[in-house]
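Visitor: Mind looking over this structure? Questions follow.
In our numbering, the protein residues as written are 7 to 393.
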């Protein structure tokens, strides 16, 4: 009898918790002046219902309140405030059983000219294949302005470079905080820019694309948009030949199978013409007809042939990651699951790179090397899709 009553109480508590709704007060703070702020618009978005806009308030001064905020195990919200045409977001998860909450969104004054900005290029990686080059690069931009402001102009002020001879522009992403978003390179004056604003703190720009490759000599261009103290360049395979005035061999990353190069004191506006030559890595040709059709688009797909337990594990992790990514793209309600899938893929990337680095160049290991390369690129591309 006691067990039955306990179950009924738990069910009743769950029902009450699920049905509780309350009010949410949203305070707007101007981070530049460190005072009460304003917003053109504040929007309450329900993440558990597929990014549904529940309510909004226009011309907010100081604060605004949203009513009837439902609680429960799946309740997750995002608040987005627009100030001087820049969006600022905060996550909000209501505490069960509470009927009133308070949260804060910080906004910043906007400036059209940049200053107090530090930029680094932690990696610029050239992957050499038999007939193509795969380029991945990251730029880290830190807005150190004091007092803090957001930099923004039309069409944009984040300098990037996408070569004219790109055969497949796989992705351009811009990340401030934890969520990378797709972006687009726009022509401006004698270069290219991204339209994204530079908010206070650290932002990351990632680019990935393909170029045709002639092993005798291919030129990879890179126009540097900022002063860079130490520009890192990596290559795979390690014996890929790289030539650029001022570039020096810095070392070898045996763990990840990469050769490391660097050039110091690069000035904004410098145009690199990186000469690449030598034998690239072979791509696995053991795909079925359907996958061969997909490869005509320049995309490398996961190989179907599996013959070892470790490969089964790799394939299983990739399938799981893809399923998680699909779930996230449909529901957009679980950042934790997304980060977990990314972590799994990064672990697999590290494992594959170690396996590749441990193989010599003998013909006996050619099939194994090709298989690892095919799966390695699949992991990289899956990571990009999840982002």
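Note that beta-carbon positions come from the ideal geometry of N, C-alpha and C, so glycine has one too.
Note that this is a predicted model, so its numbers are computed, not measured.
1) What number of angstroms, rounded off, separates the C-alpha of residue 215 from the C-alpha of residue 108?
2) Got a sec? Which residues, its chain only, sit under 6 Å from residue 43 by beta carbon, not counting five neighbours each side?
3) Output needed for residue 169: all residues of its chain with C-beta closer than 6 Å, excluding positions within five of it in sequence on either side, in chain order.
4) Which two residues bound the contiguous beta strand (DSSP E) that contains residue 214?
5) Tell me which same chain residues have a C-beta within less than 7 Å of the C-beta of residue 2, skipping the five on either side of it?
6) Could you tell me whether the stretch 150 to 162 touches the stretch 115 to 130, where touching means 3 or more Cβ pairs closer than 8 Å?
7) Can you tell me whether residue 115 is helix, strand or coil according to DSSP?
8) Grouping DSSP H, G and I as helix and E and B as strand, with all else coil, what is residue 260?
9) Which same chain residues, not among the five before or five after residue 93, have their C-beta less than 7 Å away from its C-beta?
10) Would residue 270 pass as a contact of residue 236 if the rule is Cβ separation under 8 Å?
11) Quick one: what's got a C-beta closer than 6 Å to residue 230's C-beta in the same chain, skipping five residues either side?
12) With DSSP run on the structure shown, which of helix, strand or coil describes residue 249?
13) Less than 8 Å between the CB atoms is what I'm expecting for residue 288 and residue 376, so what's the real figure, rounded?
14) Kindly list the residues whose CB is nearer than 8 Å to the CB of residue 258, restricted to its own chain and excluding five residues on each side of it in sequence; keep chain order.
15) Where residue 221 and residue 355 are concerned, what is the direct C-alpha to C-alpha distance, given to the nearest angstrom?
16) Relative to the alpha-carbon of residue 285, which residue among 367, 198 and 100 has its alpha-carbon at the smallest distance?
Guide: The structure says:
1) 44 Å
2) 34, 35, 36 and 113
3) 227
4) 207 to 218
5) What the structure shows of the chain is the stretch from 7 to 393, and residue 2 is not part of that stretch, so it cannot be assessed.
6) yes
7) coil
8) coil
9) 86
10) yes
11) 272 and 276
12) strand
13) 5 Å
14) 244, 264, 265 and 266
15) 26 Å
16) 367
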